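Student: Residue numbers (the numbering used here): 124 to 264.
Ideal Cβ positions, reconstructed from N, Cα and C, are used throughout, including at glycine.
These numbers were taken from a predicted model, which means no experiment stands behind them.
Handing you a structure now.
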Amino acid sequence: MTNAPLRAPLLEIYRSLETDIAAAAPVCELSGRCCRFREFGHTLFISRTEADLLLEEGLPAGAQIDDAGCPFQIGGLCTARERRPLGCRVFFCDPHYAGKGEALTEHYLGQLKQLHAATDTPWEYRPLHHFLREAAARPHP
Ligand code: SF4
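Here it is in structure tokens:
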């Protein structure tokens, strides 16, 4: 369950980020590379608040939890698009976008950290699969 006071501001940060990404206009060719971490030498780090939002509707049925990929990618597509974390939103393979993702990450991670500080919420930032493992180990309601 997402920390209630953080949910709306987190979605607002994502909306603002989407505006900046639209302005940068990177091309996505739907290769799915961004979600196949091991294959492309990538580790997706996210905050606990983002993990709570991502996992708000639980894990996909039969989810495989490891550092190889994201179980929300099904049939090459993200099935958690509205709830996907910052690290997913800024990642594009488009060579014309090189460097912009890093700058957006720095800016919006700063906003996320400020939000945590303003609400006295501990900052916890770990690889995605750590949070997925926790969720998989939780008893079902
Ligand atoms: S949440 Fe969606 S975009 Fe992010 S890694 Fe998983 S499938 Fe890919």
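(1) Taking only the alpha-carbon atoms, compute the straight-line gap between Leu200 and Phe160 and give it to the nearest angstrom.
(2) Rounded to whole angstroms, what's the CA-CA distance from His219 to Pro149? Just pull it up for me.
(3) Could you tell me the boundaries of the beta strand (DSSP E) in which Phe168 lies?
(4) Whole angstroms is fine: what's the gap from Ala145's alpha carbon to Ala174's?
(5) Around the ligand SF4, what residues have a beta-carbon under 5 angstroms from a heavy atom of it, in chain order?
(6) Go ahead and pull the three-state DSSP assignment for Gln234.
(7) Who are the near neighbours of Gln234 in its chain, counting only those whose CB is closer than 6 angstroms to its CB and skipping five residues on each side?
(8) Are the Cβ atoms of Glu247 and Arg171 separated by less than 8 angstroms?
Tutor: The structure says:
(1) 14 angstroms
(2) 7 angstroms
(3) 168-170
(4) In a straight line, the C-alpha of Ala145 is about 24 angstroms away from that of Ala174.
(5) Cys158, Cys193, Phe195, Gln196, Cys201, Ala203, Arg207, Cys211
(6) helix
(7) Ile136
(8) yes
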